[in-house]
DNA sequence: TACCAGGTCCTCG
DNA sequence: CGAGGACATGGT
């Protein structure tokens, strides 16, 4: 099938991406590496990173996360308590820092008040419930909700982002809405967390390196299956 | 220099 | 609903 073929070509070309980057115990810098199991702290860091990376380059988010790590702020209770301005200062590099400070505190408050600060409890819900609930949190939209479900809760949902839209628009799947494009993947691929994890990460890599605003089609690994400019 | 980056919310028509 | 503006830093 076409979608699986594209996946395999991307994987072959770029190699495993080992998403989502998180910080190891004793360090402050998030790294991409294969991990058997995420700690609860790392899952929270993913939620935080998913909010911080909204319309922002990951590199800028990384600096913000390092600052949060230095202050031991990857912690629901501490985030809930910290002064908004101080938090904004720490995440300044990630852009939209006033908005994002509010978003992080809102998220922390929600988990603290509804799940006693216990993410694991929250993540026990099924995908539909989890998504529905995440979307009620101000600052968490569709992509952020799906990123949290896939990368932190480790449940199989396909994340659609600006790269996914651009790439598949060019390939020839002119899906209108977020859900339509998401369904294309969910209905034509095995609902597998690892597959969805790697596929989305590979699309981001393709979007960053090759299928850019101004695409570099000559070195694209999936040009054979693409209708762009043909 | 201007554009772009792993979006979301709010307001209007 | 769907379009359009606001939010902001850092890299190329």
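Numbering (my numbering), first residue to last: 17 to 246. For every residue, glycine included, the Cβ atom is placed at its ideal position computed from N, Cα and C.
In the DSSP assignment, residue 180 forms no beta bridge with any residue. In the three-state scheme derived from DSSP, where H, G and I count as helix and E and B as strand, residue 209 is classed as helix.
Only exposed fits residue 105, as fewer than 16 other CB atoms lie within 10 angstroms of its CB. If you ignore the 5 residues before and after residue 86, its C-beta comes within less than 8 Å of the C-beta of 44, all in its own chain and listed in chain order. Annotation for residue 169: no alpha helix (DSSP H) segment contains it, and DSSP assigns it neither H nor E. Residue 71 is classed as exposed because its beta carbon has fewer than 16 other beta carbons within 10 Å across all chains shown.
Between the stretch 31-45 and the stretch 209-221 there are three or more C-beta pairs closer than 8 Å, enough to call the two in contact. Between residue 29 and residue 208, the alpha-carbon positions lie close to 21 Å from each other. Listed in chain order, the non-local C-beta contacts of residue 226 below 7 Å within the same chain comprise 232, 235 and 236, local neighbours out to five positions each way being set aside. Using a Cβ distance threshold of 8 Å, residue 96 and residue 121 count as a contacting pair.
Sixteen is the threshold: when 16 or more other Cβ atoms of the shown chains lie within 10 Å of the Cβ of residue 65, as they do, the residue is buried.
Residue state for residue 38 is assigned as strand, using DSSP reduced to three classes.
Residue pairing by DSSP puts residue 47 in a beta bridge opposite 38. In summary, residue 147 is buried, with 16 or more beta-carbon neighbours lying within 10 Å of its beta-carbon over all protein chains present. If you check the CB distance, residue 241 and residue 187 come in under 8 Å. Distances from the alpha-carbon of residue 73 to those of 82, 110 and 153 put 110 closest.
Taking 8 Å as the cut-off, the beta carbon of residue 139 is found no closer than this to the beta carbon of residue 127. Counting only unbroken stretches of 3 or more residues, no beta strand (DSSP E) element lies wholly within the stretch 47-130. From the listed residues 48, 69, 68 and 39, the smallest Cα separation to residue 55 is found for 39. Straight-line measurement puts the Cα of residue 210 at about 11 Å from the Cα of residue 50. By a beta-carbon distance limit of 8 Å, residue 22 does not contact residue 176. Their separation comes to about 15 Å.
Take residue 150, set aside five residues on each side of it, and the residues of its chain with a beta-carbon closer than 8 Å to its own are 156, 160, 161, 164 and 165, in chain order.
Per DSSP, reduced to three states, the secondary structure at residue 235 is helical.
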